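Engineer:
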Amino acid sequence: AIIDNIRDCQIVISFGMGWRIYQDLRASSITPIVTDKENVVAAVEAYLKGELANRTDKLH
Numbered sequence: 040a041i042i043d044n045i046r047d048c049q050i051v052i053s054f055g056m057g058w059r060i061y062q063d064l065r066a067s068s069i070t071p072i073v074t075d076k077e078n079v080v081a082a083v084e085a086y087l088k089g090e091l092a093n094r095t096d097k098l099h
């Protein structure tokens, strides 16, 4: 399973994500963040500043 490959991660930031993987990440104590930022650097910078919104409305 994909979770097995990222068990050492604390956070996953993604532009898109399905409900199931979102729930699986949370169940594995990994914080999923769905963003509307397409640029990786911008997303990480916003996260580090505490300004990255978790856009769960983008889950599919």
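Each residue of the sequence shown is one higher than the last, beginning at 40 in the working numbering. From the three backbone atoms N, C-alpha and C, an ideal C-beta is built for every residue, glycine too. None of the values given here were measured: they were computed from a predicted structure.
1) Just verifying my parser: in three-state terms, what is the DSSP assignment at Thr74?
2) Please list the terminal residues of the continuous alpha helix (DSSP H) segment that includes Ile41.
3) Output the boundary residues of the beta strand (DSSP E) element that contains Ile69.
4) Which ranges does the alpha helix (DSSP H) cover as unbroken runs of at least 4 residues, wholly within the stretch 74-99, from first to last along the chain?
5) Output needed for Asp96: all residues of its chain with C-beta closer than 6 Å, excluding positions within five of it in sequence on either side, in chain order.
Structural biologist: Taking the structure as given:
1) coil
2) Ile41 to Asn44
3) It is not in any beta strand (DSSP E) - Ile69 carries neither H nor E in the DSSP assignment.
4) 79-87
5) none
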